[in-house]
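So the structure is just underneath, and the comments pick up after that.
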Amino acid sequence: MNEQTLQKMRQMKFFGMVRAFRTSIENGSMIQMTGDEMVSMLIDAEWDDRNNRRIERQMRNAKFRYKANIEQLHFDIDRNLDKNQFMRMAECTFIGRKENLLITGSTGIGKSFIASAIGNQACTLGFKVLYANTTKLFTRLKMAKADGSYIREVAKIERQDLLILDDFGLQPLDASNRSVLMEIVEDRHGNRSTIITSQLPVAQWYEVIGEQTIADAILDRIVHDAHRMELVGESIRRRQRNKIVETVESE
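No gaps in the numbering here: position 131 of the sequence shown is 118 in our numbering, and each next residue is one more.
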């Protein structure tokens, strides 16, 4: 009878229940439970299993650059990363308020890792997240215009609770990319949240976008009431390489 029950659970895709029910049979805990305790245990196991699979699916779909989480962040490094501010951002209440976060600083200082850690936490809390290198995203959307999939791609971006645009401003935008950025920003303004990382300070984004009128429109929607993390200091990757060299040379 138990095997028939397990088979039916598998057919109904109650995989959490299958594992919990099989474990309770094997360790004998089932005979010590009342009927309502058994039902509660099975429901909890199935809920946890589905929730964990949903989180894993969200993280795969997000396509993060780094498998980062908030526990991996170092606050002892001198780079102007305020722990209290970061922990507030990691609560992801800014996503519920449809606010943006701008992270600036030199290359290698940890901007992408910080953004990915917040995005990872957002997935855990049930938000839909998409990470994208800005240059690669513009290239992909330009190709999408050519093959007719542009509307579908933009709609996918619009549905994300949190969009992470990484490495913004590596090169000036042409007319096509300005138009794409304006459309993305306009769709998300007041409706969804965006994290943007850049090596350039926000004041220089006007030059990157070009076309003063369009730049004003884009930045007014991005920057207004946005949270900011302005990191300073030397590249962490460079520091780590220097430490390795120093260790080797001292041996």
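Built from N, CA and C at the ideal position, the CB exists for glycine as well.
Source: prediction; values computed, not measured.
Query	Result
Every unbroken alpha helix (DSSP H) within the segment 68 to 122, with a cutoff of 4 residues, ordered by chain	70 to 77, 80 to 83, 98 to 111
Nonlocal neighbours in the same chain, by C-beta distance under 7 Å from A204, ignoring five residues either side	M169
Where I231 falls: helix, strand or coil (DSSP)	Low confidence applies here, because I231 scores a pLDDT of 40, under 50, leaving its location unreliable and the question unanswered by this model.
Proximity to G197 [Cα-Cα], best of R127, L60, A162	A162
Limits of the unbroken alpha helix (DSSP H) element including F62	Note, F62: premise wrong, no alpha helix (DSSP H); not H, not E.
At least 3 beta-carbon pairs within less than 8 Å: the segment 186 to 194 vs the segment 26 to 43	no
Option in T(-8), G95, G22 with minimal Cα separation from R9	T(-8)
Alpha helix (DSSP H) runs wholly inside the segment 184 to 227, at least 4 long, in chain order	192 to 196, 199 to 210
contact_flag[the segment 43 to 56, the segment 103 to 123] where n(CB pairs < 8 Å) is 3 or more	yes
Range of the contiguous alpha helix (DSSP H) that encloses L160	L160 -> no alpha helix (DSSP H), and no H or E assigned at all.
Sequence-distant residues of the same chain with beta carbon closer than 6 Å to Y193, five excluded per side	A202
Cβ-Cβ distance between D154 and T184 below 8 Å	yes
Option nearest F114 by Cα separation, candidates G135, M216, G92, D148	D148
Span separating the alpha-carbon of L68 from that of A213	17 Å
Paired residues, beta bridge with L124 - DSSP	Per DSSP, none; premise fails for L124.
Under the three-state DSSP convention, the category T21 falls into	coil
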